[in-house]
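Below you'll find the structure, written out as structure tokens, and then a few comments.
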Amino acid sequence: MKTDHGCLKAVLQLARALSEVHDKGVIHNDLKFNNITVQYEDNNIWPIVSIIDYGLAWFDDMQYPSQLKVCQNDFPWMAPELFAEGGGICSTKSDMYSLGIIVDNILVNCLKGSYPDLNTIVRQALADDPVSRPTLYRFIKTVQKVVERTDPHTTLWRRPPTTTTRPPTGTARPTTAIARPHHLPSSSGIRLGKR
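Note that UniProt numbering has the sequence shown beginning at 1, numbered continuously upward.
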């Protein structure tokens with residue numbers, strides 16, 4: 001994406017794809033740059049953004065396994081409540097935290113313009129307390145308004161870093177097989193990225 005407008009439209013598509021996942025009662029639990037694909041089709045001007053790798057997906061309000069507690073430092077994009085003593089409760093708010101991490105990186109490293117409304121809602125998405133995070137619906141509405149106000153011709157040429165998805169040097173690797181490619185079975189009925 002070569003403009004702020006295009007990059008923000010991709011953020012909007014990502015948020016809408018996450019909304020589709022949540023509408024099915026599924027929490028992704030591992031939303032990060034490496035689990036997002038961007039594809040171009042011949043007849044589309046804008047890319048199609050999809051969410052992949054459902055290996056850590058859970059149903060809404062399920063207890064998340066406590067063995068991840070030992071890996072908290074390896075997963076900075078995951079919400080803090082997932083690492084609570086004895087396992088955390090995953091919810092749409094935990095995915096909202098991960099989306100906030102992604103969009104914060106885009107705000108800092110990719111966009112040339114200043115977007116105070118987007119910056120505010122991203123800060124709210126990164127709140128330690130899940131209750132303080134915005135709903136995905138409110139997040140989508142905010143991004144939509146920002147997209148409508150951007151100039152489609154403003155140049156952008158830096159791309160998002162993937163460093164936030166890599167463990168810091170010298171940290172222990174997780175003891176469980178977490179980062180394996182895994183997709184929801186086709187019988188689940190979840191189809192993402194097409195809008």
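Using N, Cα and C, we set each Cβ at its ideal position, and we do this for glycine too.
- Message: Quick check on the burial criterion: 16 or more other C-beta atoms within 10 angstroms. Buried or exposed for residue 211?
- Response: Because residue 211 is not part of the residues shown, which for the chain are 1 to 195, the question remains open.
- Where the beta strand (DSSP E) containing I51 begins and where it ends: Where I51 is concerned, the enclosing beta strand (DSSP E) stretches over I48 to I51.
- Rounded to a whole number of angstroms, what is the C-alpha to C-alpha distance between Y54 and L118? So the two alpha carbons sit approximately 27 Å from each other.
- Reduced DSSP category for T142 - H, G, I as helix; E, B as strand; rest coil: In the structure shown, T142 falls within a helical segment according to DSSP collapsed to helix, strand and coil.
- Query: I think S94 touches I36, with their Cβ atoms under 8 Å apart; what is that distance to the nearest whole Å?
  - Reply: Not a contact, Cβ separation roughly 17 Å.
- Message: Looking at K134: is its Cβ nearer than 8 Å to the Cβ of E81?
- Response: First, the amino acid is wrong: residue 134 is Pro here, not Lys. With a cutoff of 8 Å on beta-carbon distance, P134 and E81 are scored as not near each other.
- Would you mind sorting Y137 into buried or exposed? The rule is 16 or more other CB atoms within 10 Å of its CB. That one is exposed.
- Nearest-angstrom Cα distance between G113 and T120? Spanning the two alpha carbons is a distance of roughly 15 Å.
- Task: Could you give the DSSP three-state label for I45: helix, strand or coil?
- Result: I45 sits in coil when the DSSP states are folded into three classes, being neither helix nor strand.
- Please work out which residues of its chain come closer than 7 Å, Cβ to Cβ, to T142, disregarding the five sequence neighbours upstream and downstream, and give them in chain order. In chain order, D117, L118 and I121 place their CB closer than 7 Å to the CB of T142, counting only its own chain and leaving out the 5 sequence neighbours on each side.
- Message: For V146, which residues in the same chain have their Cβ closer than 8 Å to its Cβ, ignoring the five residues on either side in sequence?
- Response: If we look at V146 and ignore the five residues flanking it on each side, its Cβ neighbours are L8, Y115, D117 and L118.
- Task: Please work out which residues of its chain come closer than 6 Å, Cβ to Cβ, to I101, disregarding the five sequence neighbours upstream and downstream, and give them in chain order.
- Result: Only residues of its own chain outside the window of five on either side were considered, and among them W77 have a CB closer than 6 Å to the CB of I101, listed in chain order.
- Query: Can D30 and L14 be called in contact, C-beta distance under 8 Å?
  - Reply: Contact flag unset, no.
- Task: With distances taken Cα to Cα, identify the nearest neighbour of I140 among R16, N109 and H5.
- Result: Comparing Cα positions, the closest option is R16.
- Task: Check F59 in the structure and name its three-state DSSP category.
- Result: It is a strand residue.
- Message: Among the candidates S132, T150 and V103, whose CA atom is the shortest distance from the CA of F33?
- Response: Nearest option by C-alpha distance: V103.
- Inter-residue Cα distance where the pair is S132 and A125: Approximately 8 Å between the Cα atoms of the pair.
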